[in-house]
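Count along the sequence shown starting at 1, add 6, and that's the number in this note's numbering.
Heads up, the beta-carbon is just placed ideally off N, CA and C, and yes, glycines get one too.
Small disclaimer: the values here were computed from a predicted structure and weren't measured.
Notes follow the structure.
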Amino acid sequence: MRDNELRGLILEALYNQRRKDLVNLDQELGALPVPHGATESILRQLVKKGLLERPNQLLNGLGNARITAYGIDVVQGTSTPPLSILLRERITVQDVRERNIQNVSDTILNVPMDHAETSRDKPKSSFDRISKWWKHMMEKFGWV
7 MRDNELRGLI LEALYNQRRK DLVNLDQELG ALPVPHGATE SILRQLVKKG
57 LLERPNQLLN GLGNARITAY GIDVVQGTST PPLSILLRER ITVQDVRERN
107 IQNVSDTILN VPMDHAETSR DKPKSSFDRI SKWWKHMMEK FGWV
């Protein structure tokens, strides 16, 4: 399973418990098909990006956490995610004349192009940028 899928699983699990103050991660994430070492790593990523809060980290076990308002907005699609996340259940919330409409579907939330995670596709040096530009110009004018 890829990291963006693991992020989505964990974020959705905590989104479903968003009304609780703190969620016991061992209980909430224990049934997910995620290896323990990967869970800890993904939790740290989500905390670092501001999607989760983990006020108390225990020496054994995963401890407690809660989804932040920013994390809720990312799951609902009203904010851009800070890293790539695959959500199995994309939740769209609208209020239409005091009715709550929710749409659910699979969605990949991709990182904006100027984000550091996507920089691997960008040329690293001035020479690379000029070479890429020159190659593009040659192809454009049929000089290849």
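Rounded to whole angstroms, the Cβ separation of E18 and V81 is 7 angstroms, and the two are in contact under 8 angstroms.
Taken through DSSP and simplified to helix, strand or coil, A37 comes out as coil. Sequence-distant partners of G67 (beyond 5 residues in either direction) whose C-beta falls short of 7 angstroms from its own C-beta, in its chain, are D32. In the DSSP assignment, R8 falls outside any alpha helix (DSSP H) and carries neither an H nor an E. The DSSP-derived three-state label of R13 is helix.
In the DSSP annotation of this structure, the continuous segment of the alpha helix (DSSP H) that includes R135 starts and ends at S132 to K146.
Between the C-alpha atoms of W149 and K138 there is a straight-line separation of about 14 angstroms.
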